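Colleague: This structure is in structure tokens; I'll ask about it shortly.
Residue numbers (our numbering): 75 to 218.
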């Protein structure tokens, strides 16, 4: 049946008709890889995926302190999505003797400390602390 007299034909609805704030709210319940996949659907989903509201829920509670320590920047100057992306990459500290990164799915903070970054107090005898290079060591931090 077509439209009756005085009515205009209705346009078909699509995913693009969903309000951006509703899409953003749904995205907060998804994990980051799912958010990125949905961002490719259309303009509304892409704009919603850029919202700080969406990405703040994916960051650890102490992200502000991490940004200051790792990037030497004010967290207010970066988008939450940028902070998330940068935290998920390995970030070097203390002259490259430590690496810090965030697990994407569970917001866990991981730390890797090279042998050069270890300091054990109480034993100053150098006989106990001799570096023996091995091919079994992994990571670029173990070289040198």
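Idealized CB from N, CA, C, for every residue including glycine.
Remember, it's a predicted structure, so these values are computed and weren't measured experimentally.
Just to confirm, is the Cβ distance from residue 161 to residue 133 under 9 Å?
Modeller: Here residue 161 refers to the residue found at position 87 when the chain shown is read from its first residue. Here residue 133 refers to the residue found at position 59 when the chain shown is read from its first residue. Result yes, Cβ atoms of residue 161 and residue 133 sit closer than 9 Å.
Colleague: Expressed to the nearest angstrom, what Euclidean distance is found between the alpha-carbon atoms of residue 171 and residue 188?
Modeller: By one-based count along the chain shown, residue 171 stands at place 97. By one-based count along the chain shown, residue 188 stands at place 114. C-alpha separation (whole angstroms): 5 Å.
Colleague: Can you tell me where the alpha helix (DSSP H) with residue 123 in it begins and where it stops?
Modeller: Stepping through the chain shown from its first residue, residue 123 is reached at position 49. From DSSP, the alpha helix (DSSP H) with residue 123 extends over 117-123.
Colleague: Alpha carbon to alpha carbon, how far is residue 117 from residue 97? Give it in angstroms, no decimals.
Modeller: As a position in the chain shown, residue 97 is number 23, starting the count at 1. As a position in the chain shown, residue 117 is number 43, starting the count at 1. Using only the alpha carbons, I get a separation of about 11 Å.
Colleague: Under the rule that 16 or more other beta-carbon atoms within 10 Å means buried, what is residue 154, buried or exposed?
Modeller: As a working mapping, residue 154 is identified with position 80 in the chain shown. Buried, by the Cβ-count rule.
Colleague: Suppose you measure from the CA of residue 123 to the CA of residue 206; what does that come to, to the nearest Å?
Modeller: Position 49 of the chain shown, counted from the start, is the residue given in the question as residue 123. Position 132 of the chain shown, counted from the start, is the residue given in the question as residue 206. Looking at the two C-alpha atoms, the distance is approximately 48 Å.
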